[in-house]
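Numbering (the numbering used here), first residue to last: 24 to 302. The structure appears right after this line, and notes come after that.
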């Protein structure tokens, strides 16, 4: 039997409460989601960049309607919890964030993130007060759902030229108080920065891969205090990089050497079948 949304939500909450770190990679479509589920990952979360690029847009340009259709296509195809990168909540007002959580849950999510990026590169970050109000509205919407929705709040300073650890920690603490279940500050550079953030908060902390300037193992990242490790747009970028290199080889060299490096191709269909929702 396929798991209900409530069962997936309980599984997702349990992952955050269990000891140790867990991986939560980012598929960009239903096929990649099924394959990742078949490969043993216990939860998945969407990639805004990977999805937007897969439909021909730069990151932050897919729009809420497209993103919700994307979630509706993915969630029923897998039997593991699905969360989503919900960007800035698709609007500046707290009510926009609340509506995005409601729509995301209706589409099949059991978790999702709201960030403090404004979308304006000239003034990229909401004030702490405005950002906390937006997280609070999202948290209130999540509380009204008939299952536990793991709300992740993101502090985007480091991705927008503001490498201020103190302000980033203050923001995460404010978002925690506003009702976030998980916290995330993408772009932290060093292990010490990550460790300091984790010491300063009372919620599970998410990171993309690890500190940006270091290459650590999953175990080493977990030892910093991190609860979950996502991959952002990296899985999609790996796949697209292989395609670009293959296309360039054909176009400029007239050769097909890339066909000698498809060892995993025979696994694609079996993984799609194995990762299917057990309906």
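Beta carbons are placed, not taken as given, at the ideal position from N, Cα and C, and that holds for glycine.
Exposed or buried, which one is residue i when buried takes at least 16 other CB atoms within 10 Å?
{"i": "residue 194", "result": "buried"}
{"i": "residue 226", "result": "buried"}
{"i": "residue 157", "result": "buried"}
{"i": "residue 204", "result": "buried"}
{"i": "residue 44", "result": "buried"}
{"i": "residue 286", "result": "exposed"}
{"i": "residue 83", "result": "exposed"}
{"i": "residue 71", "result": "buried"}
{"i": "residue 140", "result": "buried"}
{"i": "residue 126", "result": "buried"}
{"i": "residue 302", "result": "Reliability of the predicted coordinates at residue 302 is poor, the pLDDT of 46 falling under 50, and the value obtained from them is presented with this limitation in mind. So residue 302 counts as exposed."}
{"i": "residue 144", "result": "exposed"}
{"i": "residue 104", "result": "buried"}
{"i": "residue 291", "result": "exposed"}
{"i": "residue 123", "result": "buried"}
{"i": "residue 277", "result": "exposed"}
Mind checking whether residue i and residue j have CB atoms under 8 Å apart?
{"i": "residue 108", "j": "residue 69", "result": "yes"}
{"i": "residue 114", "j": "residue 137", "result": "no"}
{"i": "residue 188", "j": "residue 216", "result": "yes"}
{"i": "residue 299", "j": "residue 97", "result": "no"}
{"i": "residue 110", "j": "residue 148", "result": "no"}
{"i": "residue 266", "j": "residue 73", "result": "no"}
{"i": "residue 214", "j": "residue 196", "result": "no"}
{"i": "residue 206", "j": "residue 162", "result": "no"}
{"i": "residue 249", "j": "residue 228", "result": "yes"}
{"i": "residue 155", "j": "residue 201", "result": "yes"}
{"i": "residue 168", "j": "residue 128", "result": "yes"}
{"i": "residue 94", "j": "residue 85", "result": "no"}
{"i": "residue 75", "j": "residue 67", "result": "no"}
Could you compute how far the alpha carbon of residue i sits from the alpha carbon of residue j?
{"i": "residue 209", "j": "residue 253", "result": "10 Å"}
{"i": "residue 245", "j": "residue 251", "result": "8 Å"}
{"i": "residue 62", "j": "residue 50", "result": "12 Å"}
{"i": "residue 55", "j": "residue 164", "result": "29 Å"}
{"i": "residue 24", "j": "residue 272", "result": "46 Å"}
{"i": "residue 152", "j": "residue 58", "result": "41 Å"}
{"i": "residue 183", "j": "residue 218", "result": "21 Å"}
{"i": "residue 142", "j": "residue 247", "result": "31 Å"}
{"i": "residue 89", "j": "residue 172", "result": "21 Å"}
{"i": "residue 26", "j": "residue 47", "result": "19 Å"}
{"i": "residue 35", "j": "residue 65", "result": "8 Å"}
{"i": "residue 260", "j": "residue 241", "result": "20 Å"}
{"i": "residue 185", "j": "residue 289", "result": "45 Å"}
{"i": "residue 40", "j": "residue 236", "result": "29 Å"}
{"i": "residue 199", "j": "residue 150", "result": "15 Å"}
{"i": "residue 160", "j": "residue 297", "result": "38 Å"}
{"i": "residue 181", "j": "residue 269", "result": "34 Å"}
{"i": "residue 119", "j": "residue 91", "result": "14 Å"}
{"i": "residue 52", "j": "residue 293", "result": "17 Å"}
{"i": "residue 275", "j": "residue 295", "result": "33 Å"}
{"i": "residue 234", "j": "residue 192", "result": "16 Å"}
{"i": "residue 220", "j": "residue 264", "result": "33 Å"}
{"i": "residue 106", "j": "residue 38", "result": "13 Å"}
{"i": "residue 116", "j": "residue 87", "result": "14 Å"}
{"i": "residue 42", "j": "residue 284", "result": "38 Å"}
{"i": "residue 81", "j": "residue 255", "result": "14 Å"}
{"i": "residue 146", "j": "residue 190", "result": "16 Å"}
{"i": "residue 166", "j": "residue 230", "result": "25 Å"}
Does the beta carbon of residue i fall short of 7 Å from some heavy atom of the ligand MN?
{"i": "residue 130", "result": "For the ligand MN, the structure offers nothing, since it holds no ligand at all."}
Report the partner residues of residue i according to the DSSP bridge assignment.
{"i": "residue 107", "result": "135"}
{"i": "residue 68", "result": "106"}
{"i": "residue 252", "result": "46 and 230"}
{"i": "residue 148", "result": "140"}
{"i": "residue 120", "result": "DSSP output for residue 120 lists no bridge partner at all."}
{"i": "residue 207", "result": "177 and 229"}
Determine contact between the segment 24 to 44 and the segment 129 to 136, defined as no fewer than three beta-carbon pairs at a distance below 8 Å.
-> Yes, the segment 24 to 44 is in contact with the segment 129 to 136.
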